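Taking it in order: structure first as structure tokens, then the write-up.
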Amino acid sequence: MSILVYIEQFDGKAAPVSWEVLGKARGLADQMGGKLAAVVIGNGVEAVAKDAVSYGADVVHLVEDASLAAFRMDPYAAVVEDLVKAHSPKVVLFPATARGRDLSAVVACDLNAGLAADCSDLSLADGGLAAVRPVFSGNLLTTVLFNGPLAVASVRPRSFPTPEANPGRAGEILKSGPVAPATGIREEIKSFEVTGTGEVSLTDAKIIVSGGRGVAKDPDLGFKLVKELADTLGGAMGASRAAVDAGYIPYKHQVGQTGKVVRPDLYIANGISGAIQHLAGMGNAKIIVAV
Amino acid sequence: MNFVVCVKQTPDTAELPKISAAEAVSGDIKATLVLNPWDEFAVEEALLLEDRFGGDVTVVTVGPEKATEALKDAIARGVKSAVLLDDPAFAGSDAWGTAAILTAAIKKNGAADVILTGKMSVDGNSGLVAPGLARKLGATLLTQVTKIVDISGGKITVERQLEEGRETITASLPAVVSVSKEINEPRYPSFMGIRKAAKASIPAWKLADLGLSASEVGAGAAKANWTDVRKPPARASHVVLVKEATVEATAAKLADLLMAEKVI
Ligand SMILES: Cc1cc2nc3c(=O)[nH]c(=O)nc-3n(C[C@H](O)[C@H](O)[C@H](O)COP(=O)(O)OP(=O)(O)OC[C@H]3O[C@@H](n4cnc5c(N)ncnc54)[C@H](O)[C@@H]3O)c2cc1C
Ligand SMILES: Nc1ncnc2c1ncn2[C@@H]1O[C@H](COP(=O)(O)O)[C@@H](O)[C@H]1O
């Protein structure tokens, strides 16, 4: 195995960035002349494993158990670490979602491997991974190089295109069960309140319509118009911190330095002045419209 | 109950664009340095926990002597005890090195129940110190925390905001909690606090004080190395002012332009 990719799923649905990472990893594995493996963890998630094959994995490790139905760090990390120890990939990649980021860090730390978080590009240099990531809040870039036999990286959504799915592709699905973590399982999920169903996630969105303090005269109408346009275009709704601080819209919509970093094809900013801290979150949009 | 807050001194976000690649590499940054904005929430939460559950709060940072100012900022907000972790051997540590230094310091300070961190540093942008610390300390890891519901019976219950929704989770202590912006409204340093901070004498612990060896930390131990630090390629930007006789005509023109770019 040359590369292992962690496929993140919630409720049986894969996070779209997983496929973007897998598509990029396919190219890297071919360059390395090695196999591309994926790992899918959950319960009743075989469909996700099949999708991983159609998106380019040679081998998919499907690890299912009732105890793995919801993400918890200790049992999930144990599974990934066990696979890495058994198959010694050179590179392990994760989607840079909230859970993917944490899992990548725990696995890399436990295995004493270098980690580059939130990468925006990946390539090979001298046979090893070279991972490009923004630092200083997007004001600088660095290429992270690794010491040691294993390199770990998490990849930002929309850094790579979604590969073409090929449902006829051949690949092996290997099923296994949970691995007991050395720490025991120390977390118990009491409840999970799904919010934002039906909403397009900001980080995955191709189109984002945002509102800022410029709607102060009538914030309710302003954000109603922002939402209408976002819905019409099939996009997500964003906001500046000024709008969030003023209570016009919840924090989860905030774009910027202390909000989400997004990379849509189209970003429509309404009544937003374009402060440095706002630009840090959306400066890489392909087209920006300022109203 | 013992609470530890890990803070970092980082450049003022308004001055980040002025920082050159050379400054970032040498660490000799000319911009104004402040308490990492995310860490204000961690400091505030520690003070709130002190009020709710009793106990002591200690603020720690790995950094040069100048980073004492970030500790003083926390003291000015009400934290009573602070430690600077400074040794030439620490220079060039990656996240795991920093986590190893913090782990040793937390152990030396006495067993901590809850260790608080910010979500990420505005310079390193990695968000790796909290997970590194949790694993090295053998503590549970709770990130994206928007509310600490309870701490009792050796357990902590928190709410976390994840992509799909809000999770309520109970985990065993000790725990490393990285807080989200929604968790509180940080207080400002008070006048009395600033005077107290100015007079505070802050101990500095070195490599030997922490019982670490030089091979475990610093540039030599780093597994991930920043190379080729550079300004991002300048955006080939091209600005178009869309202004027609009426709002409707302006909107129609804009829609045409966006369709021509194939983004809608
Ligand atoms: C540590 C730190 C972190 C920060 N993090 C973030 C962050 O994550 N995200 C973020 O956004 N900000 C962040 N900020 C705040 C940032 O500096 C700005 O204050 C904020 O982005 C301003 O929001 P705004 O553009 O909505 O408001 P303003 O700057 O007040 O801009 C309002 C704009 O609306 C225009 N306007 C007014 N009326 C109309 C109208 N009728 N039609 C059209 N336009 C109109 C005005 O001309 C102006 O351009 C941060 C600041 C700090 C110090
Ligand atoms: N040098 C440091 N000393 C103490 N705490 C740190 C240091 N660097 C990072 N942290 C903590 O870890 C959090 C995440 O930082 P980072 O992993 O660098 O993005 C910060 O918000 C701090 O709470």
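Sequences listed follow chains C and V, in order.
Sequential numbering from 6 applies to the first sequence in this note's numbering.
Sequential numbering from 58 applies to the second sequence in this note's numbering.
For every residue, glycine included, the Cβ atom is placed at its ideal position computed from N, Cα and C.
These numbers come from a predicted model, not from an experiment.
Spatial neighbours of residue i in its chain, beta-carbon cut-off 8 Å, leaving aside the 5 residues before and after
i, result
"Ala78 of chain V", "Val286, Arg287 and Lys288"
"Leu179 of chain C", "Val64, Val65, His66 and Leu67"
"Arg223 of chain V", "Thr203, Glu216 and Arg217"
"Phe60 of chain V", "Ala103, Leu106, Glu107, Gly112, Asp113, Val114, Thr115, Ala169, Asp170, Val171, Ile172 and Leu173"
Coil, strand or helix - residue i by DSSP
i, result
"Lys256 of chain V", "helix"
"Pro68 of chain V", "strand"
"Asp266 of chain V", "helix"
"Ala139 of chain V", "strand"
"His66 of chain C", "strand"
"Ser209 of chain V", "strand"
"Asp123 of chain C", "strand"
"Phe165 of chain C", "coil"
"Gln282 of chain C", "helix"
"Val140 of chain C", "strand"
"Thr188 of chain C", "coil"
"Leu179 of chain C", "strand"
"Pro100 of chain C", "strand"
"Glu51 of chain C", "helix"
"Gly222 of chain V", "strand"
"Val214 of chain C", "strand"
"Val91 of chain V", "strand"
"Glu107 of chain V", "helix"
"Gln259 of chain C", "strand"
"Asp107 of chain C", "helix"
"Ala309 of chain V", "helix"
"Asn117 of chain C", "coil"
"Met177 of chain V", "coil"
"Val233 of chain V", "strand"
"Tyr81 of chain C", "helix"
Own chain partners of residue i with C-beta closer than 6 Å, once the 5 adjacent residues on each side are dropped
i, result
"Lys232 of chain C", "Met242"
"Leu238 of chain C", "Ile212"
"Ala232 of chain V", "Val171, Ala196, Thr197, Leu199 and Ile213"
"His92 of chain C", "Met6"
"Arg31 of chain C", "Leu41 and Gly61"
"Val82 of chain V", "Val286"
Contact belief for residue i with residue j at Cβ below 8 Å, rounded distance in angstroms
i, j, result
"Glu242 of chain V", "Ser206 of chain C", "That belief does not hold up - the Cβ atoms of Glu242 of chain V and Ser206 of chain C are roughly 27 Å apart, past 8 Å."
"Ser159 of chain C", "Ala101 of chain C", "4 Å"
"Asp151 of chain V", "Gly120 of chain V", "Rounded, the Cβ-Cβ distance is 15 Å, inconsistent with contact."
"Ala62 of chain C", "Leu41 of chain C", "5 Å"
"Val297 of chain V", "Leu314 of chain V", "7 Å"
Heavy atom of ligand 2 within 7 Å of residue i beta-carbon
i, result
"Cys63 of chain V", "yes"
"Ser327 of chain V", "Since the displayed chain V opens at 58 and closes at 321, residue 327 of chain V lies outside it and no answer follows."
"Ser142 of chain C", "no"
"Ala155 of chain V", "Per the sequence shown, the amino acid found at residue 155 of chain V is Thr instead of Ala. Yes; taking the cut-off as 7 Å, the Cβ of Thr155 of chain V has a heavy atom of ligand 2 nearer than that."
"Gly120 of chain V", "yes"
"Leu159 of chain V", "yes"
"Asn93 of chain V", "yes"
"Ser159 of chain C", "no"
Any non-hydrogen atom of ligand 1 closer than 7 Å to residue i Cβ
i, result
"Arg4 of chain V", "For residue 4 of chain V there is no data in the structure shown, the boundaries of chain V being 58 and 321."
"Arg268 of chain C", "no"
"Arg134 of chain V", "no"
"Val296 of chain C", "yes"
"Ile213 of chain C", "no"
"Val199 of chain C", "no"
"Arg208 of chain C", "Inspection of the sequence shows that residue 208 of chain C is occupied by Thr rather than by Arg. No, since every heavy atom of ligand 1 falls outside the 7 Å radius drawn around the Cβ of Thr208 of chain C."
"Val260 of chain C", "yes"
"Thr89 of chain V", "no"
"Ser178 of chain V", "no"
"Thr70 of chain V", "yes"
7 Å Cβ shell around residue i - same chain, five flanking residues per side excluded
i, result
"Thr147 of chain C", "Arg138 and Val140"
"Ile240 of chain V", "Phe98, Glu102, Val202, Thr203 and Lys204"
"Ala271 of chain V", "Ala146 and Leu264"
"Leu185 of chain V", "Ala152"
Distance cut-off 7 Å: residue i Cβ against heavy atoms of ligand 4
i, result
"Ser278 of chain C", "The ligand content of the structure shown is limited to ligand 1 and ligand 2, which means ligand 4 is not among them."
Residues in the stretch 294-306 of chain V with C-beta within 7 Å of chain C's C-beta atoms, listed in sequence order?
none
Select from the stretch 44-60 of chain C all residues with a C-beta closer than 9 Å to any C-beta belonging to chain V, and list them in chain order.
none
Where the stretch 175-192 of chain V meets chain C: residues whose CB sits under 7 Å from a CB there:
Val179, Asp180, Gly181, Asn182, Ser183, Gly184, Leu185, Pro188, Gly189 and Arg192
Which residues, in order along the stretch 277-293 of chain V, keep a beta-carbon less than 8 Å from a beta-carbon of chain C?
Ala279, Lys280, Ala281, Asn282, Trp283, Thr284, Asp285, Val286, Arg287, Lys288, Pro289 and Arg292
At a Cβ cut of 8 Å, what residues of the stretch 181-195 of chain C count as close to chain V, listed as they run along the chain?
Thr188, Arg191, Glu192, Glu193, Ile194 and Lys195
Counting only Cβ-Cβ distances shorter than 7 Å, please list the residues of the stretch 69-103 of chain C near chain V, keeping chain order.
Met78, Thr102 and Ala103
According to a CB-to-CB cut-off of less than 7 Å, which residues of the stretch 247-265 of chain C neighbour chain V?
Tyr256, Lys257, Gln262 and Thr263
Cβ-based contacts, 7 Å cut-off: residues of the stretch 216-247 of chain V near chain C:
Gln218, Leu219, Glu220, Glu221, Gly222, Arg223, Glu224, Thr225, Ile226, Thr227, Ala228, Ser229, Lys238 and Glu239
Please identify, using Cβ separations under 7 Å, the residues of the stretch 198-210 of chain V that lie next to chain C, in order along the chain.
Leu198, Thr200 and Gln201
Mind checking the stretch 145-166 of chain V against chain C and listing, in chain order, the residues whose C-beta falls within less than 9 Å of any C-beta there?
Asp151, Ala152, Trp153 and Ala156
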